[in-house]
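Novice: Provided herewith is a single structure, encoded as structure tokens, for subsequent inquiry.
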Amino acid sequence: MASPSLPGLRHRLPPLLLLCRRLTNAPTTAFEESLTARSALALLRSEKDPTRILSICRAAALSPTSYPDRAALSVAVSALSTSGSQSSVRSLLDGLLLSPSAAAVRPHLIVLFGQAGMLSDALRVFEASHTPSVRTFNSLLFACILSKKHSEVPRIFYDFTISYQIKPDLTTYNTVIKAFCQSGSSRCFFSVLAEMKRFRVKPNATTFGTALAGFYREQLFDDVRKILLLMKKHKCRANLSIYNVRIQSLCKLKRSNEAKELLREMRKKCMEPDWVTYDHLILGCCGEGNLKEAMMYFNEMKKRGLVPKSTCYFTLIYYLCKGKDFEVALEVCKESIGKNWVPHFSIMVELVNGLISVSKLKEAREMLEKLKEKFPSNCEMWKDVEENLALVTH
1 MASPSLPGLR
11 HRLPPLLLLC
21 RRLTNAPTTA
31 FEESLTARSA
41 LALLRSEKDP
51 TRILSICRAA
61 ALSPTSYPDR
71 AALSVAVSAL
81 STSGSQSSVR
91 SLLDGLLLSP
101 SAAAVRPHLI
111 VLFGQAGMLS
121 DALRVFEASH
131 TPSVRTFNSL
141 LFACILSKKH
151 SEVPRIFYDF
161 TISYQIKPDL
171 TTYNTVIKAF
181 CQSGSSRCFF
191 SVLAEMKRFR
201 VKPNATTFGT
211 ALAGFYREQL
221 FDDVRKILLL
231 MKKHKCRANL
241 SIYNVRIQSL
251 CKLKRSNEAK
261 ELLREMRKKC
271 MEPDWVTYDH
281 LILGCCGEGN
291 LKEAMMYFNE
301 MKKRGLVPKS
311 TCYFTLIYYL
321 CKGKDFEVAL
331 EVCKESIGKN
341 WVPHFSIMVE
351 LVNGLISVSK
361 LKEAREMLEK
371 LKEKFPSNCE
381 MWKDVEENLA
391 LVTH
């Protein structure tokens with residue numbers, strides 16, 4: 001049967017693939033077609049070249065005023081900072097300051113500069129606003145955290161609230177607490193809480209949840225108990241988010257048995273776990289080598305109508321392969337691929353080689369063919385695995 005002509009093929013190609021090809025073939029920096037934020041986001045996820053990244057962003061006329069645009073800009077900034085092109089980050093974000101909505105986008109741009117690790121630029125954008133709002137100030141504090149400059153948060157907090165006459169709000173204090181708790185200074189929480197009380201700013205679940213995560217991280221369990229008592233004093237109910245923080249923290253410390261006790265405590269209070277709860281428990285059990293229990297939670301969450309995220313599947317497949325339970329890993333992997341979620345190449349190599357090692361040759365071959373069909377451009381990468389399979393078969 002004759003191959004279809006090139007024009008015929010072009011009509012069958014998805015629009016995004018055609019855009020990818022046009023961009024790849026474009027010799028100039030300009031991108032001739034306008035793009036939607038969704039199309040730009042898809043292109044940016046696989047683009048590494050700074051010039052092309054800027055072309056995509058400009059073709060989509062991205063602005064941080066809408067969520068899809070913010071998502072695309074975040075991916076673009078991450079890619080540009082990874083490539084070490086700070087000048088490109090500056091070119092992209094400074095250009096947005098020239099728009100009529102500059103005042104509205106300023107807080108978002110400050111955060112994006114922080115994401116790129118360019119705190120001095122975030123400060124520059126903040127200081128360009130002669131009367132910054134508390135929202136802009138909160139963005140600057142958050143930019144310090146994103147750029148891993150946690151020690152700058154208390155200095156900026158105390159200096160700028162005075163020099164710019166900014167009245168901190170709940171978000172301000174919660175961000176300051178986050179900075180302390182992420183940098184190993186969780187006990188500073190008590191000083192911040194005292195100041196909040198002095199200025200009549202009522203703490204919320206985020207305030208206490210952030211502190212709990214910090215104290216667990218530093219294994220200050222007496223302080224964890226103090227926080228739980230303070231929550232009662234401030235009439236802040238231990239809601240699902242608080243339980244999830246505690247369960248995650250215990251699982252990270254390889255104390256999943258204590259995390260399971262909290263799950264039982266939740267159920268006694270008629271509080272149902274969500275997918276986040278199960279995700280933490282599954283990861284915790286996997287990290288401690290308790291794969292049967294991890295699978296029990298995985299199946300339980302699905303029975304309850306909760307949908308596992310892609311990361312949950314990938315975590316399970318990785319640890320099942322590590323534990324040499326290749327048949328169960330295969331079933332989880334099939335389910336994941338059925339949702340168009342394919343684990344990292346290295347995990348898939350381990351799975352296919354693992355199936356070969358336990359003489360599941362048919363299953364290994366089927367998985368290999370499925371992956372080659374799904375990712376034809378990666379066929380070359382599977383050569384070693386195919387040779388291994390051929391040796392065992394013959």
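Numbering of the sequence shown is given in UniProt numbering, commencing with residue 1 and proceeding in unit increments. Just so it is clear, CB atoms sit at the ideal spot from N, CA and C, and this is done for glycine as well. Here the structure is a predicted model, which is why all the values come from computation and not from measurement.
1. Just verifying my parser: in three-state terms, what is the DSSP assignment at W341?
2. With DSSP collapsed to three states, give me the class of Q219.
3. Would you kindly work out how many angstroms separate the C-alpha atoms of V358 and D274, rounded to a whole number?
4. Restricting to runs no shorter than 4 residues, where is the alpha helix (DSSP H) found entirely within the segment 131-166?
5. Using the Cα positions of A59 and I53, report the straight-line distance between them to the nearest angstrom.
6. Whole beta strand (DSSP E) runs in the UniProt repeat "PPR" (274-308) with 3 or more residues, listed along the chain?
7. Between P50 and S74, is the Cβ-Cβ spacing less than 7 Å?
8. Counting Cβ pairs, one atom from each stretch, are 3 or more of them under 8 Å apart for the segment 259-274 and the segment 212-229?
9. Taking the alpha carbon of W341 as the reference point, which residue from T207, N204 and C312 has its own alpha carbon closest?
10. Under three-state DSSP, which class holds G117?
11. Can you give the Cα-Cα distance for V307 and K252, rounded to whole angstroms?
12. Could you say which of K360, C321 and E363 lies nearest to P343 if we only look at CA atoms?
13. Look at the Cβ atom of S139, then the Cβ atom of I110, and state whether they are nearer than 7 Å.
14. For F298, is the classification buried or exposed, using 16 other Cβ atoms within 10 angstroms of its Cβ as the cut-off for buried?
15. Applying the criterion that 16 or more other CB atoms from any shown protein chain within 10 Å of the CB defines a buried residue, is S186 buried or exposed?
16. For the alpha helix (DSSP H) that F189 lies in, which residues bound it at each end?
Specialist: Let me spell this out:
1. Locating residue 341 in the sequence shown gives position 341, where the first residue counts as 1. Coil.
2. Counting from 1 along the sequence shown, the entry for residue 219 is found at position 219. Of the three classes helix, strand and coil, the one that applies to Q219 here is coil, per DSSP.
3. The residue you call residue 358 lines up with position 358 of the sequence shown. The residue you call residue 274 lines up with position 274 of the sequence shown. Computed Cα separation, rounded: 36 Å.
4. Complete alpha helix (DSSP H) runs here, min 4: 134-146 and 152-163.
5. Taking the sequence shown and counting its residues from 1, the one referred to as residue 59 is at position 59. Taking the sequence shown and counting its residues from 1, the one referred to as residue 53 is at position 53. Cα to Cα, the separation comes out at about 10 Å.
6. Here no run is fully enclosed.
7. Taking the sequence shown and counting its residues from 1, the one referred to as residue 50 is at position 50. Taking the sequence shown and counting its residues from 1, the one referred to as residue 74 is at position 74. No, Cβ-Cβ distance for P50 and S74 is not below 7 Å.
8. Counting C-beta pairs with one atom in each stretch, the segment 259-274 and the segment 212-229 have fewer than three that are closer than 8 Å, which means they do not touch.
9. Start at 1 with the first residue of the sequence shown, and residue 341 comes out as number 341. Residue nearest to W341 within the set T207, N204 and C312 is C312 (criterion: CA-CA distance).
10. In the sequence shown, residue 117 corresponds to position 117, counting from 1. In the displayed model, G117 falls within coil according to three-state DSSP, outside both helix and strand.
11. The count along the sequence shown starts at 1 and reaches residue 307 at position 307. The count along the sequence shown starts at 1 and reaches residue 252 at position 252. Distance between the alpha carbons of V307 and K252 is about 22 Å.
12. Your numbering for residue 343 matches position 343 in the sequence shown. For the residues K360, C321 and E363, the minimum Cα distance to P343 belongs to C321.
13. What you label residue 139 is simply residue 139 of the sequence shown in a count that begins at 1. What you label residue 110 is simply residue 110 of the sequence shown in a count that begins at 1. Their beta carbons are under 7 Å apart, which means S139 touches I110 by this criterion.
14. In the sequence shown, residue 298 corresponds to position 298, counting from 1. With 16 or more Cβ atoms within 10 Å of its Cβ, F298 is classed as buried.
15. Taking the sequence shown and counting its residues from 1, the one referred to as residue 186 is at position 186. Buried: at least 16 other Cβ atoms inside 10 Å.
16. By 1-based counting over the sequence shown, the position of residue 189 is 189. Run containing F189: F189 to R198, per the alpha helix (DSSP H) assignment.
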